[in-house]
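There are 2 protein chains.
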Amino acid sequence: MVVQIRNFPLSLVHMLAEIITIGDEILIGQIVDTNSAWLGQQLSTLGIRVVQITSVSDKADAIVQAVDAARQRASLVLLTGGLGPTKDDITKHTLARYFGSELVRNEDVYSRLKAWFEQRGRVMSTINGQQADLPHNAQILRNELGTAQGMLWRKDGCLILSMPGVPYEMKWIVTHQLIPLLKAEFALPVLLHRTLMTAGMVESQIATTIAAVEDALPAHIKLAYLPRPGIVRLRLTAAGTHEEQLQQEVAQFEAQIRELLGHHVYGVAEEPLEAAIGQQLRKRGATVATAESCTGGSIAALLTSIAGASDYFPGSVVAYSNGIKQQLLGVNHLTLENFGAVSEATVLEMVAGVRRQFSADYGIAVSGIAGPGGGTAEKPVGLVWIAVQGPEQTVASSFNFGNERSLNIERASMTALYLLWKMLVTN
Amino acid sequence: MVVQIRNFPLSLVHMLAEIITIGDEILIGQIVDTNSAWLGQQLSTLGIRVVQITSVSDKADAIVQAVDAARQRASLVLLTGGLGPTKDDITKHTLARYFGSELVRNEDVYSRLKAWFEQRGRVMSTINGQQADLPHNAQILRNELGTAQGMLWRKDGCLILSMPGVPYEMKWIVTHQLIPLLKAEFALPVLLHRTLMTAGMVESQIATTIAAVEDALPAHIKLAYLPRPGIVRLRLTAAGTHEEQLQQEVAQFEAQIRELLGHHVYGVAEEPLEAAIGQQLRKRGATVATAESCTGGSIAALLTSIAGASDYFPGSVVAYSNGIKQQLLGVNHLTLENFGAVSEATVLEMVAGVRRQFSADYGIAVSGIAGPGGGTAEKPVGLVWIAVQGPEQTVASSFNFGNERSLNIERASMTALYLLWKMLVTN
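Here is the structure:
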């Protein structure tokens, strides 16, 4: 049964959904099923609750059994996969039989497919043309990015939609066809989401700092902590019926959280820290260069992952050897002899050197013991010195990021970016 | 029913398994279920076929319904998740009720947990101690990495194993407890796997080149193409009863494939290309330095992801700006003016410059238009020039890696590594 939802309190009434992904490559672990996670996110933000995700083989009885079971629990069933043009892909024929459909050539789809191939200078083969043979009793949800169309059946108050498994095609159909259809046909609750991006604090520190705000949240507003390496996302979700009122309430709690976390909130939505840094640098017409030992170019790679980084990033020296630290960054050989490469004195000379070498306003320098080898009692694996220098300030700190090499490199990179962010916005 | 398998032809008889992952965070898409993919791989390599993967909520009826359904289809049911010490985690109590178990304090587990906390200088809380209260009729599969133990029930010829959802704990139990148990109790087929790592060819080129070998494979030996960015893994799987004979057969086909693919086969198992390059460099006591424009340090980051890279990698210059290309790499300003930064002439000067600057035996230089901006009709987004230079040879080639920035950077990095690999092993 499709539940019509009005005036619902959060987590009380939801439209229920199930996801079925089809394909042996998922069952043998050859690919990770990321479609389900994406669909789960989309449905959740619409206020639709996913009760089960099922992955089955490309076999007719497995597909039928899964659809049968899902229809008993949910009023929306989304299938992905098994819609390719080759004979391995049996979803369309299986569902057509299941719903008593005949396959009929859909002329609209056929001419669209033909044009699609012509545009690309290719001839449409017979089996590609057969992608336009579609179940007569299904509503066709157009796919503009591939040959397999979305097919929607309505049966006993349940919507069953079959989509291709290619992620970008599936996402296109959901975004441009399914979601507008659901919004038009069902009284879905108003769900507002607001995500604050934070850096430089771990979950427990944030929780302690904003405890009073969290305690004061009404039942219809929830706060989720979503951590990522070096980053914690805080997502406020408000549910109700009056959008404007919800927006005001969320804005008020957002302001309280921002007040308590200060510069740790660096952005909203899914903005990466390196993009927020880029904006700050561009705003002041400033540049940053990096001098990297143990991070091996990872900070430079993060900064240049943002389009347009050349506006504020002239470059980097990856100084893995001590010789290069001296030659390109001007680190004194006595500093290396007396204090070692992993030391405050060395990263301070590295950061000054890289600013000079690149004529950069800001500099980042990192030197540490990434592991697994190279540690001593005094300087264990995981010890990392980071220096950040701007026109008016220098900071240098040591950290211990643990003994897993790749995690170590990732944490050092994110921490260095956070220290630069902090210098940019608190001065 | 547990199927005893002897003398089976591949894909005819298998022990059947199902995976059930428990947790709302999977259903709302907050985390991607990577446990299932890993389990699917492990079971496949044992010759056990996964027929369904089910993700359900942390609710007793959902868990019971999923286990009931799975037992009807499979003789091995693996559950992950919901075994934490807090009250949200209900899997243990739910399964105990389902199997008519009483929870009994397991003194072995209790003293092990206590010692575990003491070693870390922490006091074991009551709720952590309760992790030692375990179902009396379950076989306990020890977990040495956490507090939640594996619990194995046997019912009507079906094995049902509940494990924690924390990936490294689950993997430890599977590797050290479950797999030895399955091998001891069941006549699993002998399945041999051999994975060849290739670079510098796409799937279709490989398929064409080794078509004759593939056609000659007997029914009990299969070849799978497993692509990754820049890499294709070729996995030979042989099934039968005589291990020695299978090994000989696989070795023979491996030799034929190696003969046809030549230097494109750079390693076995899951070895990364940057590790194979490291071995080659170390073997000859040679070094490599990189001069990176559009890849922004990604090649350096790949090379330094390998422990011990300091033996052969002195460092890198990320020369994002033209000024740095001149200043640190010695690129002539006339070259930049006449040919542009993305040109054969420029990457040739960059590669010579970086070898000189770092006194390196080998050099890699990359300059390209990563996008989305910066393209022209003559030099479109995706155009990348790569040069590799060694003591006796220089190669420079242009590529077009398409217009998606991150993919573009990744492809350019992997291609540059492949060109270095080729130079190292074909000279």
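Chains as they are written, first to last, in my numbering: chain A, 113 to 539; chain B, 113 to 539. In this text, a Cβ means the ideal position worked out from N, Cα and C, and glycines have one as well.
- What L151 (chain A) touches in chain B, judged by beta-carbon distance under 9 Å, is G141, going in chain order.
- DSSP places Y378 (chain B) inside the beta strand (DSSP E), whose first and last residues are V377 to V380.
- Looking from the CA of L440 (chain B), the closest CA among A:I202, A:V429, A:L448 and A:I418 belongs to A:V429.
- Under the Cβ distance rule, R234 (chain A) does not count among the residues neighbouring chain B, no pair being separated by less than 7 Å.
- With contacts defined as CB atoms closer than 7 Å, Q251 (chain A) and L264 (chain A) qualify as a contacting pair.
- With a cutoff of 7 Å on beta-carbon distance, A331 (chain B) and R347 (chain B) are scored as not near each other.
- S428 (chain A) has a beta carbon lying within less than 7 Å of a beta carbon in chain B.
- A residue is called buried once 16 or more other Cβ atoms fall within 10 Å of its Cβ, and K204 (chain A) is buried on that count.
- The beta carbons of E130 (chain B) and V189 (chain B) sit closer together than 7 Å.
- Under the Cβ criterion of 7 Å, Y337 (chain A) is not counted among the residues facing chain B.
- Under the DSSP assignment, Q360 (chain A) falls in the alpha helix (DSSP H) whose first and last residues are E355 to L373.
- In the structure shown, R396 (chain A) adopts helical secondary structure according to DSSP, grouped into three states.
- Counting only Cβ-Cβ distances below 9 Å, Q392 (chain B) has no contacts in chain A at all, with the closest Cβ about 18 Å away.
- Bounds of any alpha helix (DSSP H) do not take in H305 (chain A); it lies within the beta strand (DSSP E) bounded by V302 to A311.
- Here DSSP, grouped into helix, strand and coil, assigns T506 (chain B) to strand.
- CA-to-CA, the gap between A319 (chain B) and M309 (chain B) works out to about 14 Å.
- Taking a contact to require three or more Cβ pairs closer than 8 Å, the stretch 209-216 of chain B and the stretch 293-304 of chain B do not qualify as touching.
- If you draw a straight line from the Cα of E219 (chain A) to the Cα of P292 (chain A), it comes to about 24 Å.
- Chain-order list of chain A residues neighbouring G420 (chain B): G485, by C-beta distance under 7 Å.
- Beta bridge pairing from DSSP links I272 (chain B) with B:V189 and B:W265.
- The alpha helix (DSSP H) runs lying completely inside the stretch 412-495 of chain B and spanning 4 residues or more are 434-441, 445-451 and 456-470, given in chain order.
- In terms of Cα proximity to G342 (chain A), the closest of A:G475, A:T287, A:N450 and A:S525 is A:S525.
- Check the Cα spacing between L358 (chain B) and each of B:G435, B:L271 and B:K334: the tightest is with B:K334.
- Here G352 (chain A) is bridged, per DSSP, to A:V302.
- Against chain A, the beta carbon of G408 (chain B) has neighbours under 9 Å at G409, A412, A413, L414, L415, T416, S417, A421, F425, G427 and S428, listed in chain order.
- Boundaries around I165 (chain A) are those of the beta strand (DSSP E), I160 to V168, since no alpha helix (DSSP H) includes it.
- In the DSSP annotation of this structure, E130 (chain B) is not part of any alpha helix (DSSP H); the continuous beta strand (DSSP E) holding it starts and ends at M127 to I134.
- Under the DSSP assignment, I252 (chain B) falls outside any alpha helix (DSSP H), being part of the beta strand (DSSP E) whose first and last residues are Q251 to L253.
- No Cβ-Cβ contact shorter than 7 Å links F470 (chain B) with A398 (chain B).
- The C-beta of Q368 (chain B) comes no closer than 7 Å to any C-beta of chain A.
- At least one CB atom of chain B sits nearer than 7 Å to the CB of A431 (chain A).
- Taking 9 Å as the Cβ-Cβ cut-off, the stretch 467-495 of chain B approaches chain A at Q469, F470, S471, A482, G483, P484, G485 and G486, given in chain order.
- Residues I131 and S148 of the same chain have their beta carbon placed closer than 6 Å to that of I165 (chain B), with the five preceding and five following residues left out of the count.
- Beta-carbon to beta-carbon, T527 (chain A) and I481 (chain A) are separated by about 15 Å, too far to satisfy the 8 Å threshold.
- By the criterion of a C-beta distance shorter than 8 Å, T146 (chain A) is surrounded in its chain by P279, once the five residues flanking it on both sides are discounted.
- The secondary-structure analysis by DSSP pairs Q501 (chain B) across a beta bridge with B:G475 and B:T506.
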